[in-house]
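Peer 1: Structure provided below as structure tokens; questions to follow.
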Amino acid sequence: YSTFEGKPKWQKNKLTYRIVNYTPDMSIPEVDESIKKALQVWANVTPLRFTRINKGTADIMISFATRDHGDAQPFDGPQGTLAHAFAPSTGIGGDAHFDDDELFTLGSSKGPVLFLVAAHEFGHSLGLSHSDVHGALMFPTYSFTDPDRFSLSSDDIRGIQSIYGLTDS
Amino acid sequence: GPILKPADKNKAIARDYLRKFYNLENLMGTTHFRPEEEIDPPSDKLKEMQKFFGLKVTGTLNKETLEVMKKPRCGVPDVAA
């Protein structure tokens, strides 16, 4: 695993998230559930807890966008880049953007599984950079895994716990 | 516009990839007398990428490296900018 330069982290364990808009690829409940489940991946192994808000600015603002979307890192259309997220800080820090030129799915190999992509991006939102361990969630390339059989690799767990410590339960 | 030969197109893909994810500087503003698509991707950056992905470290653009570059991926760079 690796962390960003300077090892940025949230200075609190209770974080908020907001789903700013939705992809037309999936139903609203499917997106809500995928995002919730993706954050839970990290909450399961750390003291971090996530609360959803529907108004105002959350620590992690989640949005779907195409091409140029106002952060100087435009998306590239179908395939290629699927999403990106920003390391912990105020403002855009922690935010996760998903390329809506992809066909996001609930759990199909026909397009990127939103849960898997989101769980990876939230790793960045919390302070993890890319891992060179094949099979780790934080490995930079996407590969399909059945979401019902997903488990966080030991490399990912060591990485996030090096930032936030062990779960308190 | 000019139609690129396949090999040139692959070089352009590689350069774009290394620019986005391996902090390869843009060549704009530097002196080159050939189109960018004809310039080989720098060996040191290719080696860095190949090492990260556990590929054979050759420093040259081969099929295996290009295949990894074409995979869908996260847009966050693999190396610190």
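Sequence order for the protein chains is A and B. Reading the first sequence from the start, the letters are residues -18 to 150 in this note's numbering. Reading the second sequence from the start, the letters are residues 325 to 405 in this note's numbering. A virtual CB, placed ideally from N, CA and C, is assigned to each residue, including glycine. Quantities reported herein were computed from a predicted structural model and do not represent experimental measurements.
In angstroms, rounded to a whole number, what distance separates the CA positions of A:T71 and A:G88?
Peer 2: Spanning the alpha carbons of A:T71 and A:G88 requires a straight line of approximately 32 angstroms.
Peer 1: Under a Cβ-count criterion, where at least 16 other Cβ atoms within 10 Å of its own Cβ denotes burial, should B:N334 be classed as buried or exposed?
Peer 2: So B:N334 ends up on the buried side.
Peer 1: Near A:D76, which residues of its chain fall below 6 angstroms by C-beta distance, leaving aside the five closest residues on each side in sequence?
Peer 2: M42, F67
Peer 1: Please list, in chain order, the chain B residues whose beta carbon lies closer than 9 angstroms to that of A:Q(-8).
Peer 2: Result: empty, since nearest Cβ-Cβ is about 22 angstroms, beyond 9 angstroms.
Peer 1: Bridge partners of A:I141, per DSSP?
Peer 2: Partner(s): none; A:I141 has no beta bridge.
Peer 1: What is the DSSP secondary structure of A:L(-4), counted as helix, strand or coil?
Peer 2: strand
Peer 1: I want to verify the contact list: residues of chain B whose CB lies under 9 angstroms from the CB of A:T122, in sequence order.
Peer 2: Within chain B, the residues placing a beta-carbon under 9 angstroms from that of A:T122 are F377, V392, K395, P396, R397, C398, ordered along the chain.
Peer 1: Applying a beta-carbon distance threshold of less than 7 angstroms, which residues of chain B neighbour A:A64?
Peer 2: C398, G399
Peer 1: For A:M7, I'd like the list of residues in its chain whose CB is within less than 8 angstroms of its CB, leaving aside the five on either flank, ordered along the chain.
Peer 2: The residues are S15, F85, T86, L87, L95.
Peer 1: For B:A314, which residues in chain A fall below 8 angstroms Cβ to Cβ?
Peer 2: Look at the range of chain B in this structure, 325 to 405, and you will see that residue 314 of chain B is not part of it.
Peer 1: Got a sec: is the Cβ-Cβ distance from A:G61 to anything in chain E below 8 angstroms?
Peer 2: No chain E appears in this structure, whose protein chains are A and B.
Peer 1: For B:L370 and B:G383, which I take to be in contact (beta-carbon distance under 8 angstroms), what is that distance rounded to the nearest angstrom?
Peer 2: Indeed they touch by this definition, with Cβ atoms about 5 angstroms apart.
Peer 1: Going along chain B in order, which residues have a C-beta closer than 9 angstroms to the C-beta of A:D113?
Peer 2: What A:D113 touches in chain B: K375, F376, F377, G378, D402.
Peer 1: Locate the beta strand (DSSP E) running through A:I43, then write down its first and last residues.
Peer 2: 41 to 46
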